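Note sheet for the following structure.
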Amino acid sequence: GDVVQVTAGLPSHTSTRLVMSMEAPTWNAHIFTEVIRGYISHSLREIDRVRRNLTGLSEDDKAELFWKPDDQVAKMKAAVLSNMTFLNKLSGMIDKAAPLKHPDQPHGVKPVQVLLQTMTREWSEEGEQERRECFERLLGAIDRHLKADAEKAAAEGTPKPKVLVPGCNLGRLPFEAQRRGYESSGCESRVLHYFACEFLKQNRAKNATTIQPFALNTCNRFEREDHVRKCPFPELDIAEGSFPPIRYGDFTRLYDDAAERAQYDGLVTAFAVDTSPSIFRFVRTAAHVVREGGVWANFGPLAYDTEHDEAHGRGLELSWEELRYAVSQFFEVKEEAFVNALCASNGRSMMQIQYSCVFFSAVRNSKPAAGIGAR
Numbered sequence: 012g013d014v015v016q017v018t019a020g021l022p023s024h025t026s027t028r029l030v031m032s033m034e035a036p037t038w039n040a041h042i043f044t045e046v047i048r049g050y051i052s053h054s055l056r057e058i059d060r061v062r063r064n065l066t067g068l069s070e071d072d073k074a075e076l077f078w079k080p081d082d083q084v085a086k087m088k089a090a091v092l093s094n095m096t097f098l099n100k101l102s103g104m105i106d107k108a109a110p111l112k113h114p115d116q117p118h119g120v121k122p123v124q125v126l127l128q129t130m131t132r133e134w135s136e137e138g139e140q141e142r143r144e145c146f147e148r149l150l151g152a153i154d155r156h157l158k159a160d161a162e163k164a165a166a167e168g169t170p171k172p173k174v175l176v177p178g179c180n181l182g183r184l185p186f187e188a189q190r191r192g193y194e195s196s197g198c199e200s201r202v203l204h205y206f207a208c209e210f211l212k213q214n215r216a217k218n219a220t221t222i223q224p225f226a227l228n229t230c231n232r233f234e235r236e237d238h239v240r241k242c243p244f245p246e247l248d249i250a251e252g253s254f255p256p257i258r259y260g261d262f263t264r265l266y267d268d269a270a271e272r273a274q275y276d277g278l279v280t281a282f283a284v285d286t287s288p289s290i291f292r293f294v295r296t297a298a299h300v301v302r303e304g305g306v307w308a309n310f311g312p313l314a315y316d317t318e319h320d321e322a323h324g325r326g327l328e329l330s331w332e333e334l335r336y337a338v339s340q341f342f343e344v345k346e347e348a349f350v351n352a353l354c355a356s357n358g359r360s361m362m363q364i365q366y367s368c369v370f371f372s373a374v375r376n377s378k379p380a381a382g383i384g385a386r
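According to the numbering used here, the sequence shown is numbered sequentially starting from 12.
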């Protein structure tokens with residue numbers, strides 16, 4: 012059976028994707044800059060807490076400390092300042108940005124912690140193994156279906172196969188698809204993640220930025236400095252113009268458009284399907300955008316732990332058996348497997364969340380996607 016462990020204080024992969032309300036909120040940059048300020052304030056309070064706990068020890072207890080209190084606090088403070096430098100730049104970008112439609116409504120410190128750990132997963136050397144287990148399966152499925160077309164397009168100078176990545180986080184998956192010869196794009200519905208993609212476009216040099224994302228994770232350490240380790244990003248140079256276009260917004264809203272019908276040869280979803288407030292609409296939107304004979308590759312759990320809007324109660328928690336039935340109305344499932352995986356984890360923590368993820372690849376049939384693309 013699967014070993015499932017819970018990481019204290021660590022949000023799950025869907026916990027900051029908020030459900031669309033019936034009346035979409037209007038843009039207010041202050042909401043997002045305040046979330047960032049709140050996280051920074053929380054970090055500074057944590058430094059004070061650690062300092063108080065260490066300096067409050069008796070002299071006998073201090074004599075047994077392996078790591079001197081002043082050094083501990085100084086290292087933690089430096090780590091927090093490293094994160095602040097990045098977050099303040101991000102906050103400045105948001106403050107100056109043009110309004111976005113249908114913004115999410117993050118709250119608390121979790122959205123920022125998720126962002127820091129997702130950046131580590133997607134764009135640091137440390138995250139390479141974790142993301143590879145997911146990305147290789149997805150891109151392998153796309154290659155098996157579309158690689159010959161991509162190679163032919165490269166040889167003849169014709170348009171490349173188009174691949175769409177809904178819920179693309181910080182853009183690494185569409186970036187990798189593009190490196191394999193596809194015309195790739197994505198969408199992301201979290202404002203903080205979307206602007207982090209914009210930050211990456213402006214800070215493309217290898218290891219241009221350093222964060223220390225686990226600075227507050229003082230529990231469950233193997234070694235004393237595990238929580239203050241540095242994670243520079245990106246771990247490779249991002250050539251100018253090589254970052255794929257990322258649209259802000261929810262997949263089911265953005266692509267519910269007649270102009271998007273059958274526009275993509277491939278669809279790739281990673282830890283995304285169960286974040287939708289309407290999973291049936293997500294499946295039909297996938298069917299709407301993928302051409303007949305195109306492929307959908309998916310990897311992720313069915314956790315459904317989005318913060319659902321209880322007033323409207325539109326969230327459904329389907330089993331894989333039920334979801335597979337819905338998918339099979341529009342796609343023929345060709346590959347199917349269950350894979351244990353982590354998502355934006357702290358690789359040096361004694362505690363982890365391990366998901367049992369469903370991987371599938373499926374080929375689009377000719378059945379129309381009812382109710383999608385009427386605009």
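Note that beta-carbon positions come from the ideal geometry of N, C-alpha and C, so glycine has one too. The structure presented is a predicted model; accordingly, all values stated were derived computationally and were not measured.
For a test of the three-state rule: what should DSSP assign to D276, helix, strand or coil?
strand
Give the straight-line distance between the Cα atoms of P80 and G151, rounded to the nearest whole angstrom.
49 Å
On the DSSP letters alone, give me the boundaries of the beta strand (DSSP E) that V344 sits inside.
F342 to A352
Please report the straight-line C-alpha distance between E144 and F310, rounded to a whole angstrom.
10 Å
Just the Cα atoms here: how many angstroms apart are E209 and E246?
Those two C-alpha atoms are separated by around 17 Å.
Of all the options A385, D160, A166 and A108, which has the alpha carbon lying nearest to the alpha carbon of H41?
A108
Among the candidates F291, S287 and A273, whose CA atom is the shortest distance from the CA of V306?
A273
Hey, would you say A380 sits closer than 8 Å to V344, going by beta carbons?
no
Residues in its own chain within less than 6 Å of V176 by CB, not counting five upstream and five downstream?
L184, P185, G197 and V279
Just verifying my parser: in three-state terms, what is the DSSP assignment at P255?
coil
Is it the case that the segment 82 to 98 contacts the segment 210 to 229, given that we only count it when at least three CB pairs across the two stretches are under 8 Å?
Short answer: they touch.
Mind checking L409: buried by the 16 CB within 10 Å criterion, or exposed?
For the chain, the structure presents residues 12 to 386; residue 409 sits outside this window and is missing.
Are three or more beta carbon pairs between the segment 279 to 292 and the segment 326 to 340 nearer than 8 Å?
yes
Please tell me whether F244 and S135 are closer than 8 Å, where the distance is taken between their beta carbons.
yes
Should H299 and E332 be called a contact, given that it needs their Cβ atoms to be closer than 8 Å?
no
In whole angstroms, give me the CA-to-CA distance for S377 and V301.
10 Å
Entirely within the segment 64 to 108 and at least 4 residues each: give me those alpha helix (DSSP H) ranges in chain order.
70 to 74 and 80 to 107
For F233, which of G252, D115 and S360 has the nearest alpha-carbon?
S360
Residue ranges of each beta strand (DSSP E) run of no fewer than 3 residues wholly in the segment 195 to 265, ordered along the chain?
220 to 222, 242 to 244 and 257 to 259
Compare the beta carbon distance of P114 and V202 with 8 Å and say whether it is the shorter of the two.
yes
Please report the straight-line C-alpha distance between V369 and E57, rounded to a whole angstrom.
38 Å
Along the chain, where does the alpha helix (DSSP H) containing G151 start, and where does it finish?
E139 to E167
With DSSP as the reference, label R359 as helix, strand or coil.
Judged by DSSP in its simplified three-state form, R359 adopts coil rather than helix or strand.
Rounding to the nearest angstrom, what Cα-Cα distance links C242 and T221 in this structure?
6 Å
Assign R386 to one of three DSSP states: helix, strand, or coil.
coil
Mind checking who V294 pairs with in its DSSP beta bridge?
According to DSSP, V294 bridges with nothing at all.
Is A250 buried or exposed, if buried means 16 or more other CB atoms sit within 10 Å of its CB?
Exposed is the call here.
On the DSSP letters alone, give me the boundaries of the beta strand (DSSP E) that Y336 sits inside.
Premise fails: Y336 lies in the alpha helix (DSSP H), W331 to S339, not in any beta strand (DSSP E).
Just the Cα atoms here: how many angstroms apart are G260 and L157?
27 Å
What is the rounded straight-line gap between the Cα of E346 and the Cα of V125?
30 Å
Can you give the beta carbon distance from K73 to E236, rounded, assuming they're within the 8 Å contact cut?
K73 to E236, Cβ: 19 Å. No contact.
Count the other CB atoms, across all protein chains shown, that sit within 10 Å of the CB of G182; report buried if there are 16 or more and exposed otherwise.
buried
Taking the alpha-carbon of V84 as reference, which of E75, G358, T66 and K100 has the nearest alpha-carbon?
T66
By the 10 Å Cβ neighbour count, where 16 or more other Cβ atoms means buried, how is E70 classified, buried or exposed?
Answer is exposed; the Cβ neighbour count stays below 16.
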